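One structure is given below, encoded as structure tokens.
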């Protein structure tokens, strides 16, 4: 994994990270990950001081168009890592995805009302595995006070589609995906909602540290002597 993450870095160069959220889709008129991207944008100066060159984008929830937009961003920005934040209505914890599978639901329409014509995604491999430190990213969410878990199933909707295409575009495997569960809206009382539903401010704070963990691990992978298995480091 370390060899895959060793990007073209120097000790003092900023780590360039592309972070995306998503727009609305059927049943979700307001996607909290779009709001999360806006919140992270207000932290750009702080990221710069911490050695992170942060680039942000809200992708449409579409099978056709969103992957091409994301791939164009990767081609132009040449990020050291890509981290997607998606919204999952049925999740009860923040889920850090470890892999994307080459399958899609032909029954679920995207934000444009379109659905895939087949259950496979292009000429992609059957499975693509993230090289990002997903366990450490999950820990960063727990330290912020959120319930988090490592997941091996990114679903069969646009999230999985984008994740797979990102892993294909990032030759190092430095792409990750985090599913956010439903969050409390401003003014909603905790007692009136399921106990697992976090507040947005905590999610934003946790996302900040997850990005820093990603950057730290990239720099550590660059500095690590060849042949050292990062799994021994808990990556």
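In the working numbering, the protein residues as written are 194 to 428. Idealized CB from N, CA, C, for every residue including glycine. Just so it is clear, the structure is predicted and the values come from calculations on it, not from any experiment.
ask   = Grouping DSSP H, G and I as helix and E and B as strand, with all else coil, what is residue 499?
value = Residue 499 lies beyond the residue range present for the chain, which begins at 194 and ends at 428; the question has no answer from this structure.
ask   = For the candidate residues 262, 274, 327, whose alpha-carbon lies nearest to that of residue 288?
value = For the purposes of this step, residue 288 is identified with residue 95 of the chain shown, where counting begins at 1. Out of 262, 274, 327, 327 has the C-alpha closest to the C-alpha of residue 288.
Pairwise C-alpha distance: residue 291 and residue 344 = Translated into positions along the chain shown, residue 344 becomes position 151. Translated into positions along the chain shown, residue 291 becomes position 98. Going by the C-alpha atoms only, they are around 6 Å apart.
request  = Let me know the secondary structure DSSP gives residue 344 once reduced to three states.
outcome  = Residue 344 sits at position 151 when you count from the first residue of the chain shown. Three-state result, residue 344: strand.
request  = Go ahead and pull the three-state DSSP assignment for residue 302.
outcome  = On the chain shown, residue 302 is found 109 positions in, with the first residue counted as 1. DSSP places residue 302 in coil when its eight states are reduced to three.
task = Going by CA-CA distance only, name the one from 221, 246, 220 that's closest to residue 212.
result = Start at 1 with the first residue of the chain shown, and residue 212 comes out as number 19. Taking only the C-alpha atoms, the option nearest residue 212 is 246.
message = Which same chain residues end up closer than 7 Å to residue 226 when comparing Cβ atoms and leaving out the 5 residues on each side of it in sequence?
response = Looking up residue 226 in the chain shown gives position 33. These residues qualify, in order along the chain: 214, 215, 278, 279, 280, 373.
inquiry  = So, under 8 Å CB-CB, residue 407 and residue 330 are touching, yes? Tell me the CB distance rounded to an integer number of Å.
reply    = As a position in the chain shown, residue 407 is number 214, starting the count at 1. As a position in the chain shown, residue 330 is number 137, starting the count at 1. At roughly 7 Å, the Cβ-Cβ gap stays under 8 Å, so residue 407 and residue 330 are in contact.
query = Just to confirm, are residue 304 and residue 254 a CB contact at a threshold of 8 Å?
reply = Counting from 1 along the chain shown, the entry for residue 304 is found at position 111. Counting from 1 along the chain shown, the entry for residue 254 is found at position 61. In terms of Cβ geometry, residue 304 and residue 254 form a close pair [threshold 8 Å].
task = With distances taken Cα to Cα, identify the nearest neighbour of residue 268 among 398, 410, 394, 361.
result = Numbered from its first residue, the chain shown carries residue 268 at position 75. Among 398, 410, 394, 361, the Cα nearest to that of residue 268 is on 361.
request  = Indicate the three-state DSSP secondary structure (helix, strand or coil) for residue 294 in the structure shown.
outcome  = Walking along the chain shown from the start, residue 294 turns up at place 101. Shown here, residue 294 sits in a strand according to DSSP, grouped into three states.
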